[in-house]
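What follows is a set of notes on a single structure, which appears directly below.
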Amino acid sequence: MAAVVAATRWWRLLLVLSAAGMGASGAPQPPNILLLLMDDMGWGDLGVYGEPSRETPNLDRMAAEGMLFPNFYSANPLCSPSRAALLTGRLPIRNGFYTTNAHARNAYTPQEIVGGIPDSEQLLPELLKKAGYVSKIVGKWHLGHRPQFHPLKHGFDEWFGSPNCHFGPYDNKARPNIPVYRDWEMVGRYYEEFPINLKTGEANLTQIYLQEALDFIKRQARHHPFFLYWAVDATHAPVYASKPFLGTSQRGRYGDAVREIDDSIGKMLELLQDLHVADNTFVFFTSDNGAALISAPEQGECSPSLLTVSPQPAWPSWASVPGIAACEGRPGHRSPSIVTCEGRPGHRSPSIAACEGRPGHRSSDEPLGHGQTWPLMAVVQGLQDTPSLLFSLQGIDFCPGQNVSGVTTHNLEDHTKLPLIFHLGRDPGERFPLSFASAEYQEALSRITSVVQQHQEALVPGQPQLNVCNWAVMNWAPPGCEKLGKCLTPPESIPKKCLWSH
Ligand SMILES: [Ca+2]
């Protein structure tokens, strides 16, 4: 869907940026890239997006001095497919991050998953490597944990983080604790060498991830163009923060985690300034999916914003995520208001390409993408002044008191025969579907249906990676476990269909 097109556009931008200055020796170094990917952070969770406690000064400043993307979508409402799309620039249905085990069911990569990112996919760090970049992933990978899916086999040069979510603690008998890797080998496991106190919410992980980032930036900034993918997960349940931040937010533990992340990003931006590379670094901040309202209020937030919805099947606002760019070569650029790249406040899905310094470049009148998993669930197409969002299927686990009658449902509902259509310009919260009898609805349906047909005719689905699970493939004995004395014995191999309950 739109998110993927946004991802594709952001790819285009990066490729243009990385192509700049390449070739002749002595040419300017291609820009560094700092991609800050949050986990389950909702559209309304930052001050600059209207969160009233205003506890994200660094991100708010970054938006004020850079660019804010008020309509920015991820490709999927769950971590793995969204991240696969971000790094490949391709819809999950194409890159294989979907399941056919059940109709219209999202899927991801728990540690019993057999599949992962296929070798046939070209990831962003693989392309950047050809341009001389050194790439590091800090934090959550989530594109498969088996050896062939290791991030260093898919373009990254360094890794500090984990292959799966920080769920647990497990007993290391029925299910192993999730390992934490440094490059090729594990260096410990969550709840063991890397503790997370579920009762107090205390964990030092964001600070560790920050130090990994600062160290990498210091090492690389003067020698090679770098790509740092900072994929922290403190805002994913169970949310956590380090001791100095615990209890400091007006909005509970989730706010503590957000405050620590904001503070960390401030330190990274400060380091770029200190190293005199800020002018040549493209920084982009976003989230893998919208707010995890299923985790609220204890482990998430029902923030009072337009888009307060959950990572649940088919509902697109789950995929409405923050998007902030600090554009290369425009240090100190200050927008008088929240603007898109094209300088039209509120204009929908701005073209990241405009960050190239080509403000006349135009791509947002293209169909903005379609669908995410299987089957097609939603389409975003058109501009702010035209009805631009269609649903064929939807479902949501909404926050108390925020139900929208006839729109939000606890269970997935099939609207294929009479899709819901929203005018995102007038109704960015997607609460008021157009009247089926209206001329506006009929015109939009006709227009978007042709986009759907084009998509379906051109679609070449990837081999689904999220169908088969096997407890024997879990993180029993990751590489490096021998050195730590932490190898566990896997159970008998019994492949079975993965069951997806949400
Ligand atoms: Ca997520």
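Here the sequence shown stands for residues -26 to -1, 1 to 476, numbered as in mature numbering (1 follows the signal peptide of the UniProt record, and there is no 0). Using N, Cα and C, we set each Cβ at its ideal position, and we do this for glycine too.
Report the option in the options whose CA atom is closest to the CA atom of residue i.
i      : options                        : result
GLU100 : ARG35, PHE43, PRO125           : PRO125
SER56  : LEU42, PRO349, ASN80           : ASN80
ILE468 : ASN45, LYS460, THR73, CYS443   : CYS443
TYR48  : LEU243, SER261, ILE235         : Looking at the sequence itself, residue 48 is Ser, so the reference to Tyr does not match. Residue SER261 is the option with its Cα nearest to SER48.
HIS397 : GLY129, PHE406, HIS389         : PHE406
SER94  : LYS104, ASN6, ASN69, TYR107    : ASN69
PRO296 : GLU39, GLY40, ASN45, MET36     : ASN45
SER379 : ARG400, LEU392, GLU404         : GLU404
GLY129 : LEU392, ALA105, PRO150, ALA148 : ALA105
ILE170 : ALA148, LYS217, TRP445, THR390 : LYS217
GLN122 : GLN185, SER223, ILE67, VAL447  : VAL447
GLU39  : VAL354, PHE258, SER424         : PHE258
GLN437 : VAL425, TRP204, VAL88, TYR415  : VAL88
TYR107 : TRP17, ILE7, PRO153, GLY118    : ILE7
SER54  : LEU117, SER27, PRO26, PRO402   : LEU117
MET41  : SER420, GLN181, MET351, ILE298 : ILE298
LEU61  : TYR203, ARG149, TYR164         : TYR203
Less than 8 Å between the CB atoms is what I'm expecting for residue i and residue j, so what's the real figure, rounded?
i      : j      : result
GLN439 : GLY90  : 6 Å
PRO137 : TRP115 : 5 Å
ASP230 : ALA252 : ASP230 to ALA252, Cβ: 28 Å. No contact.
PHE219 : ARG233 : 5 Å
PRO464 : TRP450 : 4 Å
PRO199 : PRO4   : 4 Å
ILE395 : LEU386 : In fact, because the Cβ distance is near 18 Å, the residues do not count as touching under 8 Å.
GLY113 : GLY135 : 4 Å
LEU249 : ALA195 : 5 Å
TRP474 : THR73  : 6 Å
ASP19  : ALA265 : 6 Å
PRO66  : ALA59  : 6 Å
PHE168 : LEU179 : 6 Å
LEU52  : ASN263 : 6 Å
LYS110 : TRP133 : 7 Å
Got a list of residues with beta-carbon closer than 6 Å to any non-hydrogen atom of ligand 1, in chain order?
ASP13, ASP14, CYS53, HIS210, ASP262, ASN263
Could you say if the region 78 to 87 and the region 452 to 464 meet the contact criterion of at least three C-beta pairs nearer than 8 Å?
no
Would you say the region 18 to 33 touches the region 237 to 250, given that touching needs at least three Cβ pairs under 8 Å?
yes
Contact between the region 206 to 221 and the region 5 to 13 is defined here as three or more beta-carbon pairs at a separation below 8 Å; is this criterion met?
yes
Are the region 183 to 201 and the region 140 to 153 touching, with three or more C-beta to C-beta distances below 8 Å?
no
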